[in-house]
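In this note's numbering, the protein residues as written are 1 to 155.
What follows is one structure encoded as structure tokens, with my remarks underneath.
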Amino acid sequence: MKIKSSVLSLLMVLVLFSCDSYKKEYDNPVSCSELKTVNGITTLNEKVFSGSCLIFSVEGKKINLKSFRKGIPHGVYKGYYYPTENLEYVGYRKNGEIHGEYVKYHNNGSILTKGTFRKGLYINNWFFYDENNNLIEEKRYNYRGVLTNAIKYKQ
1 MKIKSSVLSL LMVLVLFSCD SYKKEYDNPV SCSELKTVNG ITTLNEKVFS GSCLIFSVEG
61 KKINLKSFRK GIPHGVYKGY YYPTENLEYV GYRKNGEIHG EYVKYHNNGS ILTKGTFRKG
121 LYINNWFFYD ENNNLIEEKR YNYRGVLTNA IKYKQ
């Protein structure tokens, strides 16, 4: 009985840590131009790629950061405003699908949109703000991604 409860405890710990594995951001991203994607699998030097890569403009400005695990989009994704390189959004992919928290920013750094995706669908509450951090709209989605309520706030 003691072994059974120990195994169960270990499995619970593994599940808890693996649930947020999609939030991983890798150190030392490579240039996305070095990667090759064939049949949905991304490789680097003909080896399945796990890590992050950056996309740059022709002037060398950061545009996007993408993450992969075992050749599939998985992990943090970031967008940057051009040409300032200010953070535009932070989101995640899990096993190829948009999943988890998502925050989009105005160019001044204040939050524009904040919400959650589940397997590519909008779920729960989504909040929309103006550049002065005033809440201007709130939307509620059910677990199937269907909009169930929307509230617009007066300015």
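Each residue gets a CB set at the ideal place from its N, CA and C atoms; glycine is no exception.
Mark residue i as exposed unless 16 or more other C-beta atoms lie within 10 angstroms of its C-beta, in which case mark it buried.
{"i": "L65", "result": "buried"}
{"i": "G115", "result": "buried"}
{"i": "Y143", "result": "exposed"}
{"i": "G75", "result": "buried"}
{"i": "K154", "result": "exposed"}
{"i": "L16", "result": "Note that L16 has pLDDT 43, beneath the 50 cutoff, so the model's placement of it is unreliable and the number below is only indicative. Burial call: exposed."}
{"i": "T148", "result": "exposed"}
{"i": "S67", "result": "buried"}
{"i": "T42", "result": "buried"}
Going by beta-carbon coordinates alone, are residue i and residue j separated by less than 8 Å?
{"i": "G79", "j": "V48", "result": "no"}
{"i": "N133", "j": "S110", "result": "yes"}
{"i": "Y22", "j": "Y92", "result": "yes"}
{"i": "Y81", "j": "V103", "result": "no"}
{"i": "Y26", "j": "G60", "result": "no"}
{"i": "H99", "j": "R118", "result": "yes"}
{"i": "N108", "j": "E137", "result": "no"}
{"i": "W126", "j": "Y105", "result": "no"}
Between which two residues does the beta strand (DSSP E) harbouring residue i extend?
{"i": "C53", "result": "51-56"}
{"i": "S67", "result": "62-69"}
{"i": "G91", "result": "87-94"}
{"i": "G100", "result": "100-105"}
{"i": "T43", "result": "41-44"}
{"i": "G79", "result": "75-80"}
{"i": "T113", "result": "111-118"}
Name, in chain order, the residues that DSSP records as bridge partners for residue i.
{"i": "L147", "result": "Y141"}
{"i": "E97", "result": "K94"}
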